[in-house]
Ligand code: SF4
């Protein structure tokens, strides 16, 4: 069997493994063992699964693989944020960002921001990934591999906390790769795997309304973060082409549907750009737009991105005044500083740099 035809074990759930082992003439209990090696112990090679027996290991090596997922580069920011660039089997690159929160024992956690696509078709003008275009969807195995490989890094460094929170906010629009994303979410949540609670997972979308409704109908307890970034259609369409397809009225209708189905509060991301979306009238427009929704606005002072020098970052006073005005208008709003700005923290920047260097 050629390498290309081998089955990717990390993309398989228990049903897939049960079917595989049946094909290989193995008893059913082997599927649970295999699942444990792949998704709980996160082995990197099939020959590490020593209790499966030499004959089965040989069969698995012949027909399956744990897809190589090589760490190409790691950068550490002054604020402690770590950015990983991984090379996929086909030579493409993706990246993810680790944030280790410390302090109070009960609040300690490792949060990983992961990618769901190689590149992105949505073309948001403020985003390095969007400027690079779409390449392909990531498989469920590639999505979970980000967590497993970062867990290996953490263990090597003696950090006893594995990744416990997931943010689908890296490269790509997760709702446009929904089947693989949902399979990865279920694998990460599995009690026989990493057991990461669905409530500890956040999915970020630029607002692809039909898929938002599909996700809503799954009634998962996942946090939905919507990239809003502008309070009216004219401004939003100028930075987010998706708004031409699904303007704000439709987006809000999708958000209300999501909330009705899941009863979850929605987070709105709002990159604050000086002189663009930070004016007093924008506060009023946001108030009207978000009326009746249980939501939170994360105000993120915009991060400088190559090729988007036209966006200037508001100073601290301007940011504080805007947030205060939102709160006075009755909205839940707070500032979220983007992490890792000194290590190309915005999505897609590290990948862009490596591709340029080649
Ligand atoms: S911000 Fe997100 S949706 Fe927009 S282009 Fe970048 S990766 Fe795609």
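In the working numbering, the protein residues as written are 10 to 367. Beta carbons: idealized from backbone N, C-alpha and C, even for Gly.
What's the call for residue 99, buried or exposed, on a 16-neighbour Cβ count within 10 Å?
With fewer than 16 Cβ atoms within 10 Å of its Cβ, residue 99 is classed as exposed.
Between the C-alpha atoms of residue 204 and residue 284, what's the straight-line distance to the nearest angstrom?
When rounded, the distance between both Cα atoms is 44 Å.
Would you say the beta carbon of residue 133 is closer than 7 Å to some non-hydrogen atom of the ligand SF4?
Yes, the ligand SF4 has a heavy atom inside 7 Å of this Cβ.
What is the DSSP secondary structure of residue 175, counted as helix, strand or coil?
Strand.
Under 8 Å by Cβ, that's how I've got residue 70 and residue 55 pegged, so tell me the actual separation to the nearest angstrom.
Yes, residue 70 and residue 55 are in contact; Cβ-Cβ is about 5 Å, under 8 Å.
With a Cβ-Cβ cutoff of 8 Å, do residue 179 and residue 133 count as a contact?
Taking 8 Å as the Cβ cut-off, residue 179 and residue 133 do not qualify as a contacting pair.
Kindly indicate the opening and closing residues of the beta strand (DSSP E) around residue 79.
It spans 79-85 - the beta strand (DSSP E) in which residue 79 sits, taken as one unbroken run.
Taking the alpha carbon of residue 140 as the reference point, which residue from 46, 181 and 201 has its own alpha carbon closest?
Taking only the C-alpha atoms, the option nearest residue 140 is 181.
For residue 201, which residues of its own chain have a beta-carbon under 8 Å away from its beta-carbon, when the five flanking residues on both sides are left out?
For residue 201, where only same-chain residues beyond five positions count, the Cβ hits under 8 Å are 23, 41, 44, 45, 48 and 49.
Taking the C-alpha atoms as reference points, what is the distance between residue 66 and residue 81?
If you take the alpha carbons of residue 66 and residue 81, they lie about 29 Å apart.
At a cut-off of 7 Å, would you count residue 182 as near the ligand SF4, judging by its Cβ distance to the nearest heavy atom?
Yes, the beta carbon of residue 182 sits closer than 7 Å to at least one heavy atom of the ligand SF4.
Quick one: using the 10 Å Cβ neighbour count with 16 as the cut-off for buried, is residue 228 buried or exposed?
Residue 228 comes out exposed.
Going by the CB atoms, is the gap between residue 340 and residue 275 shorter than 8 Å?
Result no, Cβ atoms of residue 275 and residue 340 do not sit closer than 8 Å.
Who are residue 128's beta bridge partners in DSSP?
DSSP, once it has assigned bridges, lists 143 as partnering residue 128.
In terms of residue numbering, what span does the alpha helix (DSSP H) encompassing residue 152 cover?
Residue 152 -> alpha helix (DSSP H) spans 149-165.
Would you mind sorting residue 4 into buried or exposed? The rule is 16 or more other CB atoms within 10 Å of its CB.
The structure shown has nothing for residue 4, since the chain only spans 10 to 367.
What does the alpha-carbon distance come out to for the pair residue 111 and residue 119?
Computed Cα separation, rounded: 9 Å.
The ligand SF4 and residue 211: does the residue's C-beta get closer than 7 Å to at least one heavy atom of that ligand?
No, the Cβ of residue 211 stays beyond 7 Å of every heavy atom of the ligand SF4.
Given a threshold of 16 other Cβ atoms within 10 Å of its Cβ, counted over all protein chains shown, does residue 281 qualify as buried or as exposed?
The residue in question, residue 281, is buried, as its Cβ has 16 or more Cβ neighbours within 10 Å.
With a threshold of 7 Å, establish whether the CB of residue 139 neighbours any heavy atom of the ligand SF4.
Checking every heavy atom of the ligand SF4 against the Cβ of residue 139, one is found closer than 7 Å.
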